[in-house]
Amino acid sequence: MSKEEIEKKVIEIVADDLCLDVSEVSSDSDIYEDLGADSLDDVEILLSLEAEFGISAPDDELSRQKLSTISAITDFIDNHLNS
Numbered sequence: 025m026s027k028e029e030i031e032k033k034v035i036e037i038v039a040d041d042l043c044l045d046v047s048e049v050s051s052d053s054d055i056y057e058d059l060g061a062d063s064l065d066d067v068e069i070l071l072s073l074e075a076e077f078g079i080s081a082p083d084d085e086l087s088r089q090k091l092s093t094i095s096a097i098t099d100f101i102d103n104h105l106n107s
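See below:
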């Protein structure tokens, strides 16, 4: 799966989990500051990403310090899938 395909799917998942239109989400979007995610959304997004991409990540991976932007999440998944 290409990085572009991963990013597109991440945007779709985040938009769906946060009840947003995909046009409101971009690679530069911060899921907390720009999109309004909270700690409960963290868990839902993480579970959705794990299910979609068949990866497993510690619950603290999707934290404000580590993976707060769409591009950081995309890089994380790309590294796990293509390493």
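Numbering (this note's numbering), first residue to last: 25 to 107.
Idealized CB from N, CA, C, for every residue including glycine.
No experiment lies behind these values; they were computed from the predicted model shown.
Does the beta-carbon of residue i have 16 or more other beta-carbons within 10 angstroms, so that it is buried, or is it exposed?
i, result
"D66", "buried"
"S92", "buried"
"D41", "buried"
"S53", "buried"
According to the Cβ coordinates, are residue i and residue j closer than 8 Å?
i, j, result
"I101", "V34", "yes"
"L64", "L44", "no"
Residue i to residue j, Cα distance in whole Å?
i, j, result
"V109", "S107", "As displayed, the chain neither begins before 25 nor continues past 107, which places residue 109 out of reach and without an answer."
"V49", "I69", "14 Å"
"S95", "M25", "16 Å"
"E74", "A61", "18 Å"
"G78", "N103", "13 Å"
Can you pull the DSSP bridge partners for residue i?
i, result
"T93", "D54"
Give every residue of the same chain whose Cβ lies closer than 6 Å to the Cβ of residue i, excluding the five residues on either side of it in the sequence, and list them in chain order.
i, result
"T98", "I30, E31, V34"
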